[in-house]
Amino acid sequence: MEFFSDIFANLYMGFGVAVSLENLLYCFVGCLLGTLVGVLPGIGPVAAIALLLPTTFSLPPVGAMIMLAGIYYGASYGGSTTAVLVNLPGESSSVVTCLDGHAMAKNGRAGHALAISAIGSFFAGTVCTVIIAFAAPPLAEVALKFGAPEYFSLMVFGLIASAVLARGSLLKALGMIFVGLLFGIIGTDVNSGMSRFTFGLPGLSDGIGFVVIAMAFFGLGEIIKNLETPDDQRQVFTDKVAGLMPRWIDIKDSAGAIVRGTALGAFFGTLPGTGPVVASFSSYAVEKKVAKDNSQFGKGDIRGVAGPESANNAAAQTAFIPTLTLGIPGSGVMALMLGALMIQGIAPGPQVMTARPDLFWGLIASMWVGNLMLVILNLPLIGMWVQLLKVPYRMLFPAILLFMCIGTYSLNNSIQDPLLMAFFGVVGYAFMKFGCEAAPMLLGFILGPLMEENLRRALLISRGDPSVFFTRPISLAFLVLAFASLLIVVLPAVRKKRDEAFQGDE
Amino acid sequence: MNTSKPRASSSRAVILGGACLCTALVLPASPVLAQSTAKPAGEGAAWPTRPLRMIVASAPGGPSDLIARLVGPQLTEASGQPVVIDHRSGANGMIAGELTAKADPDGHTFLLANAGFVINSVLYTKVPYDPIREFTPISLAVSVPNILVVHPSVAAKTVADLVALAKAKPGTIAVASAGSGSSGHLALALFQQLSGTEMIHVPFKGGGPALADVMGGQTQAIFSISVTSHPIIKAGRVRPLGVTSLKRLAAFPDLPTISESGFKGYEVTGWFGFVAPVKTPRSVVQRLNAAVVQSVRMPELQERLGNQGAELVGSTPEAFGAYLKSEQAKWAKVIRQAGIKAD
Amino acid sequence: MGSFKFRSNHQDFWAGVMFLGLGILAVYLSKDYPLGRAMRMGPGYFPTYLGWGMVIIGAIVGARSFFKDPAPDEVTTKWAVVPLALMPASVAVFALLIDTVGLVIAVLSMLILANASIRNFRPIEFTVNFIVLLCIAIFVFQKGLGVPFNTFWEESLGKALGELFSLVIHPLRLMFGS
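Protein chains in written order, with this note's numbering: chain Y, 1 to 506; chain Z, 1001 to 1343; chain E, 2001 to 2178.
Okay, here's the thing in structure tokens:
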């Protein structure tokens, strides 16, 4: 009982800090700036925080952290907005949102997609705030249990789950995963320090940026495809725009997806590095398998937006756990947050919780306030975003193209990234024409290097003994899950084949 | 049906433009870009005449970024011109090095270099710059030693214990590092050479994940830079065995150096210092040096970095130049002996 | 693309060719990287076997295409050659111009190329689009977010003109004593 009363006392103190007029203002400004910068294609949360960090220097530490957290949520949500509206994933976790979100936008349901994403995110944010308040330290310990074998098995699971994303042929999806793995290898090998597939270009030694590949395959490919139809016959977005707010049936349909997505996101978010990506992809895979009628997935099923968006926001939230309790940043965003703490004169680390309880609990309370503010801010903005789609496509696409140019340029302030995007845009269009989907490729691209890195690291530490993958319980659990998902993916395909064969006999 | 409505299109374009212009208006001009009145040029060359560009050899987040953001405002104050921080991560900092080497040598562009700046030149076969011949040193700003830490389950309380353990079972202790060719990796290589031990080097992508791996007990030890490991040690999550500088750290006065633990002269420190293109005028280098020295002496920096185990230096250009040369010679030898290769 | 007289699935055939080609490329490029052993992999191990995996998948996908009916949307697989050339080209032009002649000309050139794919060119729309987008690029990205663009050619071309001045005009002025 004492445990709970302590936490309530702490949360009360936290809300006392967060709900001060001043901090509410910082939170609001952060969310607003984050959203506005985050909707710019190519400017993801990391870039948004890096760019806006100097504006927080003059604030007191608590206010600065609250504003930065607001920028982070805002930018994450802004990225989803761009994914829905113009099919440009600004960060890895919004790739999945593109699949059904943009399809919904084309069907005139952009408002529904954006609203359900805001509602799902708010639910996920609320749940995860509670989780962080009650269970941050034990969850951080779980995250530390993940060594190289566990990460490897997790990646195997993630890649197999991604095959579920495929709409068409399973074999071609597998091929695309391999293509992604191959693109992911480009760059310096972590284990040996050797450059691979860089063709002697120093700019390739860190690999190709995710944003470059995602914009090429999704953004540029989509534009070229839309331009296939001559100007006077083209209708990219339907004229019939359904209402902005989702209908009751949409919310009822999405409720299960939101809850499941939140659970997946809350768990995977605590794992440094890959959390949000694996969370959103696995949520999509789960929804597609759970749905009684999954024929609309990929063509604009609201559950395909609600689940992954909740998962990705939940993960964005629980990503704070290792950062706050251990002082170990799990992602670029968290590294920047820790840097901001140090600039404010606070040594990040396990002792922040006890040494600066106002900061720790104030931040946790402000997470919830930030999520609330995001909903309040964004529901009215949806109307404005949807208006953008009424701009004739012949004027919209040059704008998207320019944003993609500037976005990729600003990644490293280098012209190499837009040039690479142009090249991969052609490759992406070709694959699209051959009926190969981009989503499995992107997951292979993200997870592949991590899979190889952890496989080799695990064998290095175990001195070449592969039994580590099966003797460590968490690793074994993921491998079993991976095998189970493989069966789920393969069995229906086999059954369908058999049915077809029988029909052929008749 | 009729999708193209030229009549309405321009008004829609205004909506689009208006929406985005609002973005522009709401965004406050960041301080970096704020116009400041240039101070009248002193005697000698007119410097600075426009914003200064500090190239940083890493992505935002992490120690280089932190130091850049802390020193930047101080430099602004000292020079009277805003300092634009330009992150050019990539190729282990070699892209930033090449860019600086080729920049105008007028004192408006300089590089916040780190230990990798010199290590690269002996580690890689193809390096696009020469750290000694193509640069003029300004000042060594901050020196950051590594601390050798182990997971609490490791049965070693001192450096000697660890060596004994490694000798009893060669090739079993896994030592994490921030990456191939990082200062932690070289610290391990030199340690193995001096102690005659054999351990497994496990490179990671960055110091954070590597330290987390040791905290979780997946790997047993790491030479981790003091600023990163300081809070983790204080919280008792890892056990410190020794520090890689020649002097003990103010933050851990009871922690012996590795040099005094039986490996005399063992020294591996990460560092952050400023260099400019080689032809930068002497007078400008002096003024940049004065600005850097002044900024590292600020009490804020002492509070933010000094208490975390970093040493604020602020050396003369000559001393920094000599340091760069000695570092290069030292690492060339260690890398050759350890057979570390990269290309 | 290629037209086969017999019944086949073009999409799958060419997908197979792509996989096969990339697989062979991967195997070929990995030949210089140390392979290592399964238990102690070198940097070449993963890409080499990945490449062989792609060769196998490519071969199966390609071979199966001959026994499959054309995909239902095969009619729409006509390639949009003009946009396919123009869109990447406009991105490339922006990239190649931005560091030298600056934002204004880079954006203008990019937009001209992008709009070249439109059948009915509308000058007023184009001008409005150009001005609005340029304003966004300057006020949001360059000024607001600090992306280091030159608006025109201040630094690079200015430097070139400066050099011209010091090399040619300045000596001339000295000669003629003005």
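Backbone N, C-alpha and C fix where the C-beta goes; we use that ideal spot for every residue, glycine too. As the structure is a computational prediction, the values presented were derived from the model and not from experiment.
Under the Cβ distance rule, Y:TYR429 counts among the residues neighbouring chain E, one pair being separated by less than 9 Å. With a beta-carbon spacing of about 5 Å, Z:GLY1179 and Z:PRO1203 fall inside the 8 Å limit used to define contacts. Around the beta carbon of Y:GLY383, fewer than 16 other beta carbons sit within 10 angstroms, so the residue counts as exposed. Counting only Cβ-Cβ distances below 9 Å, Z:VAL1202 has contacts in chain Y at ALA148, ASN191, ARG457, LEU460, ILE461, in chain order. When Z:THR1076, Z:ALA1059, Z:ARG1069 are compared, the shortest CA-CA separation from Z:TRP1047 is found for Z:THR1076. Taking C-alpha positions only, Z:GLY1314 is separated from Y:ILE258 by approximately 55 Å. Against chain Y, a Cβ distance below 9 Å from Z:ILE1232 picks out LEU326, GLY327, ILE328, GLY349, PRO350. Residue range 1052-1056 is occupied by the beta strand (DSSP E) that includes Z:ARG1053. The Cβ atoms of E:GLY2058 and E:MET2018 sit closer than 9 Å to each other. Contact with chain Y is found for E:SER2117, since one of that chain's Cβ atoms lies less than 9 Å from the residue's Cβ.
Spatial neighbours of Z:GLU1134 in its own chain (CB-CB distance under 8 Å, excluding positions within 5 residues in sequence) are listed in chain order as ALA1101, PRO1277, VAL1278. CA-to-CA, the gap between Y:LEU11 and Z:ALA1068 works out to about 36 Å. Counting along the chain, Z:GLY1306 sits inside no alpha helix (DSSP H), nor does DSSP assign it H or E at all. Here DSSP, grouped into helix, strand and coil, assigns Z:TYR1124 to strand.
The region 17-103 of chain Y contains, as complete alpha helix (DSSP H) runs of 4+ residues, the segments 21-38, 45-52, 61-86 (chain order). Annotation for Z:ALA1141: the continuous beta strand (DSSP E) segment containing it runs 1135-1150. The beta-carbon of Y:LEU40 is placed less than 9 Å from the nearest beta-carbon of chain E. In the three-state DSSP reduction, Z:LEU1246 falls in the coil class, being neither helix nor strand.
Per DSSP, the beta-bridge partners of Z:LEU1312 are Z:VAL1142. Contact check between the region 1261-1276 of chain Z and the region 1106-1116 of chain Z: three or more CB pairs, one atom from each, fall below 8 Å, which counts as touching. Z:TRP1271: not part of any alpha helix (DSSP H); member of the beta strand (DSSP E) spanning 1269-1277, first to last residue. The C-beta of Z:ARG1304 comes closer than 9 Å to at least one C-beta of chain Y. For the region 1184-1213 of chain Z, the residues whose beta carbon sits under 8 Å from a beta carbon of chain Y are, in order, ILE1200, VAL1202, PRO1203, PHE1204, LYS1205, GLY1208, PRO1209, LEU1211, ALA1212, ASP1213.
Rounded to whole angstroms, the gap between the alpha carbons of Z:GLY1262 and Z:GLY1184 is 20 Å. The DSSP-derived three-state label of Y:THR325 is helix. For Z:HIS1230, the enclosing alpha helix (DSSP H) covers residues 1226-1234. It is roughly 35 Å from the alpha-carbon of Y:ASN226 to the alpha-carbon of Y:LEU486. Here Y:PHE178 carries a helix assignment [DSSP, helix/strand/coil].
For E:LEU2035, no Cβ of chain Y is located within less than 9 Å of the residue's own Cβ. Ranked by how close their Cα comes to the Cα of Y:PRO272, the residues Y:ILE302, Y:SER331, Y:PRO308, Y:THR229 have Y:SER331 in first place. Scanning chain Z for C-beta atoms nearer than 9 Å to the C-beta of Y:ASN413 yields ASP1086, HIS1087, ARG1088, reported in chain order. Y:ALA365 and Y:PHE134 have their C-alpha atoms some 12 Å from each other. For the region 1215-1226 of chain Z, the set of residues with a beta-carbon nearer than 9 Å to any beta-carbon of chain Y comprises MET1215, GLY1216, GLY1217, GLN1218, THR1219, in chain order. Scanning chain Z for C-beta atoms nearer than 8 Å to the C-beta of Y:PRO272 yields GLY1208, PRO1209, ALA1212, reported in chain order. The Cβ atoms of Y:LEU396 and Y:MET65 lie no closer than 9 Å to each other. Chain order gives the chain Z residues near Y:PRO202 as GLY1090, ALA1091, MET1094, ILE1095, GLU1098, LYS1126, PRO1128, where near means a beta carbon separation below 9 Å.
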